[in-house]
Structures are given as structure tokens and as C-alpha cells.
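Under UniProt numbering, the residues of the sequence shown are numbered 1 to 163, in order. Beta carbons are placed, not taken as given, at the ideal position from N, Cα and C, and that holds for glycine. Please read all numbers here as calculations on a predicted model, not as lab measurements. What follows is a set of notes on a single structure, which appears directly below.
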Amino acid sequence: MDIISQLQEQLNEMAMVAVNTFGTLQRDAPPVRLSTSYPDPLNPNPSPEDPAAPAPGAAAASPAPAVPAPPPQPQPALDLAEQPKAMSHALVLAAKKFDALVAALPLSSEDDQMKRIEELQAENEVLGLELQKQLEAAELELRRVETLFNEATDNCINLKKPD
């Protein structure tokens, strides 16, 4: 794989790590109260008459469930303090690998690049002429095969014996 393809793949990896890092930070970040003039994000209804709370008599009126609810499954503990560090570390490593690939690019002057372009154009011309000759030979062979095929089909249709 050439160096440019490696650079493209590394850049894609860096973008993926960055998007995952930012998304995880955004998803797992705790809510923050910006000002005392805004409501608390953890308790939007601080009044004692919370409409979401059930009425005192409502719990007694509902029938008790016959089957006890299964105990909640413990979820694996996520170390929210370490996860951003690990993701940041992965992003830094990807950036360092990208820098190493950039440093491995060959340096050349504009004159060297123009000379290389001219060499490649000359090589392209030679290969183009060779390809054109092969195309002409293939077209000639195709015409021969078509002629023989047409003769064979005419002989079969007319029930003639081949010459």
C-alpha cells in the first residue's frame, strides 16, 4: 500500500476516534447547572407538590402484583473518569502515527517533481502505443472470427458441407 493510501486510512481512523470520543464525552458528561436562574437539570420540579409523584391514596387503591418483580440485574460499572483519558490517549496515538507517516513522505524539489512527471508521461505514451497495437490486433482477430462464424452459420442454414 502506498504512503498516500496509508495517510488516508490513518486520517479516517483519527476522524472515527475523534467522533467516538466526542460522542462518548457528550453522552456521559454529567449535567451542569449553568446559573442559579436556570432550573436544576436533575430536579426540574423542586416544589413539594410534584405532579409526577403518585397521590397518597393511589398506591393503596391499586392491586398488589401476584408475582414479585425479578431483582434488577447489576450493570457493569463504567469508569467514567478513565474512559475519556483512554479515548484521548487513542486520539493522540492516531495523530502521532499520522505525523510519522507525513514525515516519511519523500521530499523533492519542484524540478525533481517536473522531471518525474515528464518520465511518467513518456512511459504513459509508450504503454499507450503498445495498448493501441494490441487493440488493433484484437479487432482484426475479432473480424476473422466473425467471418468464420458467419460462414459456419450460413453453411449450417443452407445445409452445405464445409469447404
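DSSP places P84 in the uninterrupted alpha helix (DSSP H) bounded by 83-103. Taking all protein chains shown into account, A152 has fewer than 16 neighbouring C-beta atoms within 10 Å of its C-beta and is therefore exposed.
A straight-line Cα-Cα distance of about 14 Å links K115 and N124.
Going by beta carbons, F98 and M1 fall outside the 9 Å limit.
Rounded to whole angstroms, E119 and E130 show a C-alpha spacing of 17 Å.
Around the C-beta of A94, 16 or more other C-beta atoms lie within 10 Å, and the residue is accordingly described as buried. Comparing alpha-carbon positions, the option among I4, Q10, I3, S5 lying closest to A90 turns out to be Q10. Secondary structure at A29: coil, using DSSP grouped into helix, strand and coil. Per DSSP, reduced to three states, the secondary structure at N45 is coil, with no helix or strand assignment. DSSP places L34 outside both helix and strand once states are collapsed to three, so it counts as coil.
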